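Scroll down for the structure; my scribbles are underneath it.
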Amino acid sequence: MKKSSKALALLLVLCFLIAGCGGQKDANAPATASATEAPKATDVPQVSEELKEELNALTSDVIDPDLTCTITLGNWPADTAPAAELAVFEGYKATMAKQYPNVTLVPDYYSYTLSNYVPMAKGGTAPSIFQPPFTDPQLLIGQGLVGDVTDALAACGALEKFSPSYVEMLADKNGRIYGLPRDGYVLGMHINIALFREAGLVDEEGLPIYPKTLQELAEYGQIIKEKTGKAGLVFPASETYGGWLFTNIAWNFGCVGENALEYQDEDGRWVCNFTSPQAIAAMEYIRDLKWKYDILNADATTTDWAGSHSSLGTGEAAMNFAADDSVDQPTANKGLPLEDFALIPFPAGPEGRYALAGGTCYMFAPNITADQATALMAYLRILGKLPFLDEDIIAGMRSDYAAKRDRGAPVLPAISAWNDEEYNNAKRAIIDEFCNVDMRLYNDFFDSISEGTISLRAEEPAFAQQLYRELTAVIQRMITREGADVVKALTQAQESFQEYLDDEINNN
Amino acid sequence: MNRRRRVAIAGGKRNESFKSWLIMLPRLLLFAFFVWEPLLESVRMSLYKTENVELVKFIGLKNFISVMGKANFSQALVNTFAYTFWSLLIGFLLPIVLAMIIGETVRGKGFFRTAAYLPNMLPGLAVIILWSAFFSGEKSGVLNILLSKLGTPAQTYLTRANLVIPIIITIATWKGAGATALIYMAAMAGVNPELYEAATIDGASVWQRVRHILLPSIRKLAGTLLILQIISVFQIMYEPMVLTKGGPDNASLSLMQLMWQYAFGGSMDYGKASAVAVIVTAILLLMTVVYSYFNNKESDWD
Chain A
64 MKKSSKALAL LLVLCFLIAG CGGQKDANAP ATASATEAPK ATDVPQVSEE
114 LKEELNALTS DVIDPDLTCT ITLGNWPADT APAAELAVFE GYKATMAKQY
164 PNVTLVPDYY SYTLSNYVPM AKGGTAPSIF QPPFTDPQLL IGQGLVGDVT
214 DALAACGALE KFSPSYVEML ADKNGRIYGL PRDGYVLGMH INIALFREAG
264 LVDEEGLPIY PKTLQELAEY GQIIKEKTGK AGLVFPASET YGGWLFTNIA
314 WNFGCVGENA LEYQDEDGRW VCNFTSPQAI AAMEYIRDLK WKYDILNADA
364 TTTDWAGSHS SLGTGEAAMN FAADDSVDQP TANKGLPLED FALIPFPAGP
414 EGRYALAGGT CYMFAPNITA DQATALMAYL RILGKLPFLD EDIIAGMRSD
464 YAAKRDRGAP VLPAISAWND EEYNNAKRAI IDEFCNVDMR LYNDFFDSIS
514 EGTISLRAEE PAFAQQLYRE LTAVIQRMIT REGADVVKAL TQAQESFQEY
564 LDDEINNN
Chain B
389 MNRRRRVAIA GGKRNESFKS WLIMLPRLLL FAFFVWEPLL ESVRMSLYKT
439 ENVELVKFIG LKNFISVMGK ANFSQALVNT FAYTFWSLLI GFLLPIVLAM
489 IIGETVRGKG FFRTAAYLPN MLPGLAVIIL WSAFFSGEKS GVLNILLSKL
539 GTPAQTYLTR ANLVIPIIIT IATWKGAGAT ALIYMAAMAG VNPELYEAAT
589 IDGASVWQRV RHILLPSIRK LAGTLLILQI ISVFQIMYEP MVLTKGGPDN
639 ASLSLMQLMW QYAFGGSMDY GKASAVAVIV TAILLLMTVV YSYFNNKESD
689 WD
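Encoded structure:
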């Protein structure tokens, strides 16, 4: 009995070891029941009739019966996602199955973070397509952690329509493309109109009298704080968020060109420049927001991106530096009525009016095959993420906007990453059809971009996240210590970041 | 004993030894695979320039020199010792006191035991989120609401550099003290009741009984738990990461959080992250050795 028990125990251990040492999952293997299993059709809740019609339109003839491969689709909505959103993705899947019958789609709930992606990419288990923010592509491309889709993109005719500014962000030095823009965004400011109203900052039509300059922001914030007791401005100054927002403020104080926060000198060496008079003035402005005007939220140093949206949405703060791609956060997610929400341009500074342009992109696993790249382009085309127009794509866009409207998120014009007028106009026409907001609360924002009254800038080019972290620490010191020395703090941060640049680029 | 018999015994011992090793083999393999190999790999990685998880070039101690030369390392090191100090101050005696009080409780002992342990059953992140609402600096913060009833204006807590570490340790203690108290209670239950009776008959006060009977009985356990507590607190990470994100101005940044920042905070520098991990391990090893030395010396005196 004892012997048989021992043998059984050893056998069990052996089984565990063999199971643990199992090989990598075959990328082309059929989908199995797992965490990545697609939501069952029966699980999809009921959707509106209008949306059903849109989904029914998502049918078309076979395009390529010979294309045979399996692609895993990151960012598939979870079972708990709104019914309309789930239905839209099921529609995409159905269309893909019809147009490319031998392409197997494996939905994957994977949500990208740098830390979870790297081991997956190295281990060959990264989803075929995933969605990193625009801060990461160059890092991933440089380390060979993403797949090249240049040829597939050229084959489908989208390569030439790519906006050059996005090519710069998503290509390597040789011009090979590794990603596609999902959504572009431009930083502006979210407004809680209810608090503006309470503070008397509305005109006779009830539209908010909003700050057009950073100075006005401080003054209006002060009025709001005095009259409502709520924070004039919620400023997420934790981790890297504070530094991220600060760069935009600094540009408006003149930290561009030769006064940029970081630049390459004639020898190609990266130089950190946090102590220019412009950067010092910008940091003094942040300090004043706390100690002179007292308009910031109480826990700024622990507030993150989600927290800032929550503060605005729940009426704890009147203004928030945020972009057009997150308008659903304070509204649909936090319950701020659409009529109490506005999106305004980033306030101008004494030396200019700039706004950060960035976004989220699609990138691809490093081990994708040519067939997989072709299938992924086809999938993105169905999603309406390539600059092409056909009935399916238009139906897909309409479904998308209908879903957005159904869940109470503002349906707004999108900032296009494609240089294709026909495509952009058609998209605008569809959006207008589903628009559920008073565009007077948004027009100034979009007009400032289209009319060029605000200059768009990409994020700081070298090691942006580290730069933001250094600047966030300075901001935290400024808003938690009344007598903090701006120059000293910026000098320390500059030394630290310069050392980082030397380690990572200059001395290599 | 003749030669044949000696050979037979030796053979039997060898056979038994072989069987013992065979039984231990799966455990050793698992241990080597899941513990030793990653540990040694981390040390190796700390000596290399890395490109994500790949070792690119042997650079000796450069990662250590670079990491230790930065201001945030010295700040994180000081903070980590501050965490340990506050943890010992707030969290070491509390479970002992708690165990003594619950041990002396006559009615509802089971209830108090469960109540003390309950916070330990809550998910760590939920606890942090719960307490972040308590210590929120907004007027809607629970503590500020309580203070407003006393006529005190709203205060900020988590944005004050001198308060964040004691607050984080208070939260960690709230969560963990009950579990430690249960261990002490088990040890206290093992004390011979005749000793108490004899002391009581001899006229010993409560304090004298605690001092001369109870505390000596749990001293060894307390020593072990002390070193475990130091090791645990030295690796504090998710509490500051969630509650304060290491702020304000790195005032609550711990060494483990710094390690995380190197690895996943945007730069993907696993070499430097491993260097920080090795430094933490070295400090903990040193502290454990010192503790063991004094502990053994004390045992010798006993």
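Line by line, the protein sequences give chains A and B. Counting from 64, one number per residue, gives the positions in the first sequence under our numbering. Counting from 389, one number per residue, gives the positions in the second sequence under our numbering. Note that the Cβ used here is the ideal one computed from N, Cα and C, for glycine as well. Note that the coordinates shown come from a computational prediction; the quantities given were computed from them, not determined experimentally.
May I ask you to report which of helix, strand or coil DSSP gives residue i?
| i | result |
| --- | --- |
| A:A575 | As displayed, chain A neither begins before 64 nor continues past 571, which places residue 575 of chain A out of reach and without an answer. |
| A:Q327 | strand |
| B:I557 | helix |
| A:Y229 | helix |
| B:M656 | coil |
| B:M675 | helix |
| B:E442 | strand |
| B:W409 | helix |
| A:W333 | strand |
| A:W481 | strand |
| B:V630 | helix |
| A:S373 | helix |
| A:Y348 | helix |
| A:N255 | strand |
| A:T122 | Any answer about A:T122 is weak, because its pLDDT of 48 lies below 50 and its placement is not dependable; what the coordinates show is given next. If DSSP states are grouped into helix, strand and coil, A:T122 belongs with coil. |
Around the C-beta of residue i, are 16 or more other C-beta atoms found within 10 angstroms, so that it is buried, or is it exposed?
| i | result |
| --- | --- |
| B:N403 | exposed |
| A:M232 | buried |
| A:K288 | buried |
| A:V500 | buried |
| B:L646 | buried |
| B:H600 | exposed |
| A:Q557 | buried |
| B:N460 | buried |
| B:I589 | exposed |
| B:W595 | exposed |
| B:I411 | exposed |
| B:P581 | exposed |
| B:A670 | exposed |
| A:D495 | exposed |
In whole angstroms, give me the CA-to-CA distance for residue i and residue j.
| i | j | result |
| --- | --- | --- |
| B:G564 | B:I484 | 12 Å |
| A:R503 | A:Y172 | 37 Å |
| A:I286 | A:Q278 | 13 Å |
| A:R245 | A:E329 | 35 Å |
| A:G187 | A:G210 | 12 Å |
| A:E454 | A:A477 | 20 Å |
| A:D483 | A:Y326 | 32 Å |
| B:V455 | A:K236 | 31 Å |
| A:A221 | A:L443 | 11 Å |
| B:I490 | A:N383 | 50 Å |
| A:I256 | A:C318 | 31 Å |
| A:S479 | A:L419 | 15 Å |
| A:T535 | B:G525 | 19 Å |
| B:L481 | B:A569 | 10 Å |
Could you pull out every residue in the same chain whose Cβ sits closer than 7 Å to the Cβ of residue i, ignoring the five residues on either side in sequence?
| i | result |
| --- | --- |
| A:I493 | I457, M460, R461 and Y464 |
| B:S430 | S662, A665 and V666 |
| A:L130 | Y163, N165, V166, D434, T437 and A438 |
| A:D367 | P299, S301, E302 and Y304 |
Once the 5 residues before and after residue i are set aside, which same chain residues still bring their CB inside 8 Å of it?
| i | result |
| --- | --- |
| B:V598 | M488 |
| A:R350 | M541, I542, A547 and V549 |
| B:L449 | L435 |
| A:G398 | G376 and T377 |
Within the same chain, show all residues whose beta-carbon is closer than 6 Å to that of residue i, passing over the 5 residues directly before and after it, in chain order.
| i | result |
| --- | --- |
| A:L208 | A184 and P429 |
| A:A344 | F316 |
| A:A189 | M183 and A428 |
Handout entry: Interface residues of the stretch 362–388 of chain A facing chain B [CB-CB below 8 Å]
Key = D362, A363, T364, T365, D367 and E379
Problem - Residues, ordered as in the chain, of the stretch 426–453 of chain B that lie near chain A by beta-carbon distance below 7 Å - result: E439, N440 and V441
Exercise for the section: Quick one: which residues of the stretch 540–553 of chain A get their C-beta closer than 7 Å to a C-beta of chain B? List them in chain order. Expected result: R540 and T543
Handout entry: Proximal residues, the stretch 206–235 of chain A versus chain B, C-beta separation under 8 Å
Key = Q206 and L208
Handout entry: Near-chain B residues of the stretch 400–415 of chain A - C-beta to any C-beta below 7 Å
Key = none
Practice task
Would you list, in chain order, the members of the stretch 459–481 of chain A that have their beta-carbon closer than 7 Å to a beta-carbon of chain B?
Solution key: none
Handout entry: Contact residues within the stretch 178–195 of chain A, judged by C-beta distance below 9 Å to chain B
Key = S178, N179, V181, P182, A184 and K185
Exercise for the section: Quick one: which residues of the stretch 513–531 of chain A get their C-beta closer than 9 Å to a C-beta of chain B? List them in chain order. Expected result: F526, A527, Q528, Q529 and Y531
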